[in-house]
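Chains as they are written, first to last, in this note's numbering: chain A, 669 to 934; chain B, -3 to 71. Here a beta-carbon is modelled for each residue, glycine too, at the ideal position from N, C-alpha and C. This report concerns only the one structure given below.
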Amino acid sequence: MKTTSNKGATVAAEGHGHSPIEQFEIRELLPINIFGIDASLTNSGAYMLVALGLIVGFLYFSTGGRSLVPTRLQSISELLYEFVANTVRENVGNQGMQFFPLVFSLFIFVLVLNLLGMIPIPGITFTVTSHIAITASLALMVISIVIFYGLYKHGLGFFKIFVPSGVPLALYPLLIPIEIISFISRPISLSVRLFANMLAGHIALKIFAGFIGVLLGAGAWAILAPLPLALTVALTALEVLVAVLQAYVFAVLTCIYLSDAVHGSH
Amino acid sequence: MDPAAAKYIGAGLAAIGTGAAGIGLGTLFGHFLAGALRNPSAADGQRGTLLLGFALTEALGIFALLIALLLLFAV
């Protein structure tokens, strides 16, 4: 992957010779081979299993009591539920509540994976959502549901979403291709937005953290080392905000796309 | 041109895009603030829309940054 020509720059930016994209490496933990298909447990899969365990465990134990006056843990679950339910209701309407489990699962899954990636564990930390394979799978699943549900509910009338209403007939040849392109680019932008935010955020964090090491090893310049340290702390805070926001954006855009399938032409 | 030099020039050019996202964010927050100061009671209800707009706009800048970082470290 890496050519020798940029190695110097990488080392200079890092100070330790670690590449900032090393943290995204997928490692095999448990080789599994099913009929020639490589289904090994990787660190990505392990992180997803941990996230799944955390989500299911938390929701199960926090709502287990089902008391009328919620305990603290139960009210966290209820807040989460209400938050996502309101998002679905605002963007899709009450008919859209049948998609609530989908949106809730997507939101909480992406949120927990984003936040787990923000916990620094040397040598282990891995951000599952920083891989386009994961985000593209989620986005393709969403867009397939939109298309199949739209066709199931409206039949071929679903394709009317490509025809803007209240526009003179002469503009159709221009506008319909634009609508089709914008529809096709939805899964691309949905997946790239999440993956790019996570990837670029973590690379930026690692580069600025690398500056601390470079300055500490540069004699008298070590006095400047607190500057990148402060920046890294601020960036970490921003990244936590971005992690939550991107999960929310993913859920909201899912709702907006589902609203097309539920309500048909706009 | 030396391919390595072209790579760094390309990364620098790609990073210009983050400035464009900066313009967008400035417009976004500036207009929100202008509206919020005119009608502070309505501002709280629009905070979610503001954050959504922030995330959508910032993502475009991140795309440009991503291209620059990929050119620097992955190509």
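- Per DSSP, the unbroken beta strand (DSSP E) holding A:Leu697 starts and ends at Glu696 to Leu698.
- Among the bridge pairs identified by DSSP, A:Leu709 is matched with A:Leu698.
- With contacts defined as CB atoms closer than 8 angstroms, A:Thr900 and A:Ala877 qualify as a contacting pair.
- For A:Ser859 against A:Ile815, the beta-carbon gap comes to about 16 angstroms, at or over 8 angstroms, which does not count as contact.
- Here B:Ala51 really is in contact with A:Val917; their C-beta atoms are around 5 angstroms apart, less than 8 angstroms.
- When CB distances to chain B are screened at a threshold of 9 angstroms, the residues of the segment 856 to 875 of chain A falling below it are Ser857, Val860, Arg861, Leu862, Phe863, Ala864, Asn865, Leu867, Ala868, Gly869, Ile871, Ala872 and Ile875, in chain order.
- Rounded to whole angstroms, the gap between the alpha carbons of A:Val930 and A:Lys821 is 7 angstroms.
- By the Cβ-count criterion, A:Val771 is buried, with 16 or more other Cβ atoms from all chains shown falling within 10 Å of its own Cβ.
- Taking CB atoms only, B:Phe59 has a neighbour in chain A less than 8 angstroms away.
- Excluding its 5 nearest sequence neighbours in each direction, A:Val835 has C-beta neighbours in its own chain below 8 angstroms: Leu843, listed in chain order.
- With the criterion set as a beta carbon lying under 7 angstroms from some beta carbon of chain A, the segment 12 to 30 of chain B has no members that meet it.
- A Cβ-Cβ separation of about 12 angstroms leaves B:Ala55 out of contact with B:Gly13 under the 8 angstroms criterion.
- Contacts with chain B at 8 angstroms (Cβ-Cβ) include A:Leu913.
- Under the Cβ distance rule, B:Ala2 does not count among the residues neighbouring chain A, no pair being separated by less than 8 angstroms.
- A:Ala719 places its beta carbon 8 angstroms or farther from that of A:Leu808.
- The closest CA to that of A:Ala714, considering only A:Thr731, A:Ser730 and A:Ile694, is found on A:Ile694.
- Straight-line measurement puts the Cα of A:Leu747 at about 38 angstroms from the Cα of A:Ser833.
- Taking a Cβ-Cβ cut-off of 7 angstroms, the neighbours of A:Ile689 in chain B comprise Phe69 and Ala70, given in sequence order.
- With respect to chain A, the C-beta atom of B:Ala55 has a partner C-beta closer than 8 angstroms.
- Distance check between A:Lys828 and each of A:Pro790, A:Ala893, A:Gly887 and A:Ile848 places A:Ile848 closest, using alpha-carbon atoms only.
- For A:Glu750, the enclosing alpha helix (DSSP H) begins and ends at Arg740 to Val760.
- Under the three-state reduction of DSSP, A:Glu693 is assigned to coil, being neither helix nor strand.
- Using a Cβ-Cβ cut-off of 8 angstroms, A:Val908 does not count as an interface residue toward chain B, since no Cβ of chain B sits closer than that to its own.
- When Cβ-Cβ separations below 8 angstroms define contact, B:Ala51 makes contact with chain A.
- At least one C-beta of chain A is nearer than 8 angstroms to the C-beta of B:Leu62.
- Straight-line measurement puts the Cα of B:Gly8 at about 47 angstroms from the Cα of A:Gln766.
- A:Ser812 counts as exposed, since fewer than 16 other C-beta atoms from the protein chains shown sit within 10 angstroms of its C-beta.
- Here DSSP, grouped into helix, strand and coil, assigns B:Asp40 to helix.
- The beta-carbon separation of A:Ser712 and A:Phe794, rounded to 7 angstroms, stays under the 8 angstroms limit for a contact.
- Annotated three-state conformation of A:Val917 is helix, per DSSP.
- Taking the beta carbon of A:Val917 as reference, the chain B residues within 7 angstroms of it are Leu48, Ala51 and Leu52, listed in sequence order.
- When the alpha-carbon of A:Ser850 is set against those of A:Phe830, A:Asn865 and A:Gly761, the nearest one is in A:Phe830.
- Where A:Met866 is concerned, the enclosing alpha helix (DSSP H) starts and stops at Tyr840 to Leu884.
- Going by beta carbons, A:Ser805 and A:Leu867 fall outside the 8 angstroms limit.
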